[in-house]
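Working notes for the structure below.
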Amino acid sequence: MRKKRKKGVVAYNKWGYIFLIPFVTIYLIFQLVPLLTTIYNSFFECYKSGLAQIGPNFVGLDNYKEILLGKELWSYAGNTLIMWIMGFVPQIVLSLLLGAWFSDPSLRLKGQRFFKTVIYLPNLIMASAFAMLFFTLFSDGGPINDLLMQLGLIDKPFKFLSHVWSTRSLVAGMNTLMWFGNTTILLMAGMMGIDTSLFEAAQVDGATSRQIFFKITLPLLKPILVYTMITSLIGGIQMFDVPQILTNQTGNPVRSTMTLIMFLNKHLYSKNYGIGGAISVVLFVITGILSLIVFKMMAGKEED
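So, in structure tokens, the structure goes:
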């Protein structure tokens with residue numbers, strides 16, 4: 005009997021491995037092979053000088069030395085981090101407020117499905133279309149400047165795209181608007197999964213709504229908050245399309261909105277594949293380290 009059961013289990017598990025074949029094949033072809041190829045190319049000098057093709061010539065770690073010892077990588081990393089923080093903080097605060105609001109059964113809100121759909125809609129709009137919309141709205145002769153002048157708040161058009169912090173704020177604001185709906189849905193799902201008896205017991209003990217939120221809801225949401233923060237961090241490091249279109253590929257003013265992926269794209273566009281590969285590997289390492297730090301910090305707080 006045991007042998008028959010073992011054979012049945014093995015035969016059943018076989019189908020699981022068969023269904024994994026498409027995923028493994030796609031992963032090997034479109035992710036693992038390009039990753040290994042990128043790492044391999046990062047050790048070579050390969051670029052175009054006019055019409056002449058230079059390389060590929062093996063240069064070892066020279067590409068990494070040029071990147072890590074230069075100022076551009078760290079300057080653009082700072083730009084990326086600043087704009088990510090400016091977009092993530094209001095995003096997570098707004099998502100927590102909306103999630104708590106929609107998941108609270110005592111409020112008995114009407115039309116919840118409609119409002120949930122509305123807040124998720126910006127996530128469905130292409131980032132390029134969103135960037136073009138903001139570029140038009142906040143241009144020198146755009147409707148925002150017209151409105152501010154009609155209200156008497158300014159005497160002449162304010163050049164939003166010519167000032168460092170206004171341009172960064174636009175990029176951060178667009179990222180907040182595009183992603184807060186998705187974050188709200190995730191946090192709301194986590195809140196609805198919390199046992200309501202915990203809230204009822206806290207209310208019986210005289211806890212206020214604020215105490216319930218900070219002492220019960222937030223601690224139980226830590227796994228989802230860790231996931232949200234790590235995925236947002238990865239997305240922030242990969243920030244490209246919004247500042248690329250909003251600043252017309254320049255990262256201006258004074259390169260204050262130039263991100264790491266825009267820096268990488270500049271080298272790939274010029275067909276400097278060696279430096280581009282080195283930048284990709286450095287970004288991969290930075291992403292892994294930052295994600296690990298976030299995970300360890302949140303896990304440490306949970307243990308405490």
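Here the sequence shown is numbered in the numbering used here, starting from 5 and rising by one per residue. We put the beta carbon where it would ideally sit given N, CA and C, even for glycine. In this text, all values refer to a predicted model and were calculated from it rather than measured experimentally.
Quick one: measure Cβ to Cβ for residue i and residue j, integer angstroms, because I've assumed they're closer than 8 Å.
i           : j           : result
residue 181 : residue 126 : 5 Å
residue 84  : residue 240 : 7 Å
residue 233 : residue 298 : 6 Å
residue 1   : residue 95  : For residue 1 there is no data in the structure shown, the boundaries of the chain being 5 and 308.
residue 2   : residue 131 : Residue 2 cannot be examined here, being either before or after the span of the chain that is shown, 5 to 308.
residue 264 : residue 287 : 6 Å
residue 172 : residue 302 : Contact flag wrong, Cβ pair sits at about 27 Å.
residue 21  : residue 262 : With a Cβ gap of about 46 Å, residue 21 and residue 262 do not count as contacting.
residue 178 : residue 135 : 7 Å
residue 71  : residue 282 : 5 Å
residue 162 : residue 152 : 7 Å
Could you tell me the alpha carbon to alpha carbon distance between residue i and residue j, rounded to whole angstroms?
i           : j           : result
residue 204 : residue 296 : 36 Å
residue 36  : residue 285 : 13 Å
residue 66  : residue 256 : 29 Å
residue 82  : residue 170 : 17 Å
residue 195 : residue 206 : 16 Å
residue 168 : residue 93  : 19 Å
residue 253 : residue 165 : 13 Å
residue 103 : residue 191 : 6 Å
residue 189 : residue 112 : 18 Å
residue 231 : residue 176 : 20 Å
residue 251 : residue 63  : 34 Å
residue 274 : residue 51  : 7 Å
residue 119 : residue 185 : 10 Å
residue 267 : residue 229 : 30 Å
residue 115 : residue 106 : 10 Å
residue 31  : residue 39  : 11 Å
residue 218 : residue 123 : 24 Å
residue 158 : residue 46  : 51 Å
residue 226 : residue 202 : 16 Å
residue 69  : residue 77  : 11 Å
residue 17  : residue 25  : 13 Å
residue 43  : residue 270 : 18 Å
residue 187 : residue 128 : 13 Å
residue 197 : residue 272 : 45 Å
residue 156 : residue 200 : 51 Å
residue 289 : residue 214 : 40 Å
residue 75  : residue 53  : 23 Å
residue 33  : residue 23  : 17 Å
residue 138 : residue 259 : 19 Å
residue 55  : residue 49  : 16 Å
residue 300 : residue 100 : 22 Å
Using the DSSP secondary-structure output, state which residues sit across from residue i in a beta bridge.
i          : result
residue 51 : 58
Worksheet item: Between the segment 133–153 and the segment 56–76, are three or more C-beta pairs nearer than 8 Å?
Response: no
Practice prompt. Specify whether the segment 216–228 and the segment 273–292 touch according to this definition: at least 3 beta carbon pairs, one from each stretch, less than 8 Å apart.
Written response: no
Worksheet item: Mind pulling the alpha helix (DSSP H) runs of 4 or more residues that sit fully within the segment 103–167?
Response: 116–124, 131–141, 147–154
Worksheet item: Which whole runs of the alpha helix (DSSP H) in the segment 204–276 are 4 residues long or more, in chain order?
Response: 213–216, 226–241, 245–250, 264–273
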